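K.L.:
Its first residue numbered 0, the sequence shown is counted upward by one per residue in numbering that gives the first Met the number 0. For each residue, glycine too, the CB sits at the ideal point set by N, CA and C. Fair warning: this is a prediction, and the values are worked out from it, not measured in the lab.
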Amino acid sequence: MDIEKVNLSAAELKLCNHCLGRIYGMLGHHLTNDERGRAIRIIYAMEKNEDVKEVEGEECIICGGIFSRIDDYAKYTASILKDIEFSTFSIGSRFPEEVVNMEKEIQEKYAPEGAGEYIGREFNRELGKRISEITGKEANLENPEVTVIIDTEYDDFKLEIKPLFIYGRYRKLVRGIPQTKWPSGKYRESVEDIIAKPFMKLTKGEEHALHGMGREDIDVRMLGNGRPFVLEIKRPKKRTLNLKEIEKEINENSDGKVEVIGLRYSNRKEVVRIKTAKPKKRYRIGVNVNTNEEEIKSALEKLKVVISQRTPTRVAHRRADRIRKRRVYDIKLVDKKDNTWIIEVLAESGTYIKELMHGDSGRTRPSLAEILNKEVKVDFLDVIEILD
Ligand SMILES: [Zn+2]
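1) Name the residue from G115, I160 and G211 whose alpha carbon lies nearest to the alpha carbon of Q106.
2) Does DSSP classify P197 as helix, strand or coil?
3) If you measure from the CB of L12, is any heavy atom of ligand 1 nearer than 8 Å?
4) Would you say R119 touches ligand 1, meaning its beta carbon is less than 8 Å from a heavy atom?
5) Could you check if W181 is buried or exposed, using at least 16 other CB atoms within 10 Å of its CB as the buried criterion?
6) Which residues in the same chain have their Cβ closer than 7 Å to the Cβ of I341, if we skip the five residues on either side of it in sequence?
7) So, for V375: in the same chain, excluding its five sequence neighbours on each side, which residues have a beta-carbon less than 8 Å away from its beta-carbon?
8) V229 and E269: beta carbons closer than 9 Å?
9) If distances are taken between C-alpha atoms only, which option among L201, I160 and A276 comes closest to I79?
10) Tell me the residue span of the beta strand (DSSP E) that contains V314.
11) Under 9 Å between the Cβ atoms of K256 and K185?
12) R220 to V173, Cα distance in whole Å?
13) At a cut-off of 8 Å, would you count I42 as near ligand 1, judging by its Cβ distance to the nearest heavy atom?
14) Who does K279 pair with in a DSSP beta bridge?
15) What first and last residue would you give for the beta strand (DSSP E) that runs through H210?
16) Going by C-alpha distance, which of H316, P311 and L380 is nearest S360?
17) So which of A346, Y328, E258 and G119 has the shortest CA-CA distance to D192?
18) P227: buried (16+ other C-beta within 10 angstroms of its C-beta) or exposed?
19) Is I61 close to ligand 1? I mean its beta-carbon at under 8 Å from any heavy atom of the ligand.
20) Under a three-way DSSP split, which group does A110 fall into?
21) For I65 and F122, which I take to be in contact (beta-carbon distance under 8 Å), what is that distance rounded to the nearest angstrom?
22) Have a look at A195, I83 and L26 and flag the residue whose alpha-carbon is nearest the alpha-carbon of E112.
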């Protein structure tokens, strides 16, 4: 950059050193705009052979002196962050339209080609530096744990806190509990509530969501290796947790209803993985049907195929009515207790297992009921393994 070809006459305007310096944003390395503006003012005075003209912050026609108040902004921001645990943060800001337009107009007229920096960028950077000094925390634009957004027109401060994500697997050891809260309030507690309780207490979060790798029916237990999930805690004030302790607390306080295994920190990307996974599942199902061992064994052999299932009547009110093809990888008789035949099934994700047994009035084909040509009643169903 040839300084002699740069129009320095913006030094005649009523601009603070910051706003003057931003016009010439590309001149020199490792300078703050404050230093750059001061230098421009001096060079201009030397060229004109006159006194350096100082401009007070409040007189500045772009910022009205916001940069001279930046330490107050920093102190106030740090005070909002005081009770929140975070290691990285970022600052965002909004400036009034008049400020933005005034700056644009001046920079279009005076800035050398490719130079000129937006006021918000300098404000965010300078405020970030000071907050780092006060709090010892690192400014990070990519993936901050907290973001403070300041509307400079009204001095309104908004705090965004990154949610906390915890991965684990849950076992639901009793029937009659839904995975997540029902809007109707029909069920008093959910697997989600039981797992989230200690997290809410410890993090002082405001809301929670449980992202499960599928879900079992309310009357179905989830046994074996458990179902993968990611628990999301919104607006947590604390992020460092003893997950082993929390695991123990959940397992000891759930009255034998729910257990969690392998809690660890997670992220939003894993939520997507969990929600899109299509794992095979192994079930144990008990059915009542008037038959004998030989007959039922031979009927089950005929179910090791791709079956076709029209949306079951019981879920038709919330799912599209269509026909799905699902593979039954394995199915076998494992026990008989009283009048209940106990069967294990390994099936593709999304298979309706109860319907595979009773046939849902011919909507699932083939089914155990269809092959035996007898009425089949489902006594119980458990998920015993999720092969994810
Ligand atoms: Zn200014």
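P.N.:
Concretely, from the data shown:
1) The sequence position of residue 106 within the sequence shown is 107, counting from 1. Per the Cα distances, G115.
2) Within the sequence shown, numbered from 1, the residue matching residue 197 stands at position 198. The answer is helix: DSSP assigns P197 an H, G or I state.
3) Within the sequence shown, the letter at position 13 stands for residue 12. Incorrect: L12 has no Cβ contact closer than 8 Å to ligand 1.
4) Counting from 1 along the sequence shown, the entry for residue 119 is found at position 120. One detail in the question is off: residue 119 reads as Gly in this sequence, not Arg. No, ligand 1 has no heavy atom inside 8 Å of this Cβ.
5) What you label residue 181 is simply residue 182 of the sequence shown in a count that begins at 1. It counts as exposed.
6) The sequence position of residue 341 within the sequence shown is 342, counting from 1. These residues qualify, in order along the chain: R283, G285, V333, D334 and K335.
7) Position 376 of the sequence shown, counted from the start, is the residue given in the question as residue 375. V286, N287, V288, M356, H357, G358, S366, L367 and A368, listed in sequence order.
8) Here residue 229 is taken as the residue at index 230 of the sequence shown, counted from 1. Here residue 269 is taken as the residue at index 270 of the sequence shown, counted from 1. Taking 9 Å as the Cβ cut-off, V229 and E269 qualify as a contacting pair.
9) One-based indexing of the sequence shown puts residue 79 at position 80. Ranking L201, I160 and A276 by Cα distance to I79 puts I160 first.
10) Counting from one through the sequence shown, the residue named residue 314 turns up at place 315. Segment: none, V314 is in no beta strand (DSSP E) and carries neither H nor E.
11) Indexing the sequence shown from 1 puts residue 256 at position 257. Indexing the sequence shown from 1 puts residue 185 at position 186. No, the pair does not count as a contact, with Cβ atoms beyond the cut-off.
12) Stepping through the sequence shown from its first residue, residue 220 is reached at position 221. Stepping through the sequence shown from its first residue, residue 173 is reached at position 174. Each residue's Cα considered, the two are about 6 Å apart.
13) In the sequence shown, residue 42 corresponds to position 43, counting from 1. Not so, every heavy atom of ligand 1 lies at least 8 Å from the Cβ.
14) Residue 279 sits at position 280 when you count from the first residue of the sequence shown. DSSP, once it has assigned bridges, lists L386 as partnering K279.
15) Your numbering for residue 210 matches position 211 in the sequence shown. It spans E206 to G211 - the beta strand (DSSP E) in which H210 sits, taken as one unbroken run.
16) As a first step, residue 360 is located in the sequence shown; it is residue number 361 there, counting from the start. Minimum Cα distance to S360 is reached at P311.
17) For the purposes of this step, residue 192 is identified with residue 193 of the sequence shown, where counting begins at 1. The residue with the shortest Cα to Cα distance from D192 is E258.
18) As a working note, residue 227 is residue 228 in the sequence shown. It counts as buried.
19) On the sequence shown, position 62 is the one that residue 61 refers to. Yes, the Cβ of I61 comes within 8 Å of a heavy atom of ligand 1.
20) On the sequence shown, residue 110 is found 111 positions in, with the first residue counted as 1. Here A110 sits in coil by DSSP.
21) Your numbering for residue 65 matches position 66 in the sequence shown. Your numbering for residue 122 matches position 123 in the sequence shown. Between F122 and I65 the Cβ distance is about 7 Å, and since that is below 8 Å, they are a contact.
22) For the purposes of this step, residue 112 is taken as the residue at position 113 of the sequence shown. Among A195, I83 and L26, the Cα nearest to that of E112 is on L26.
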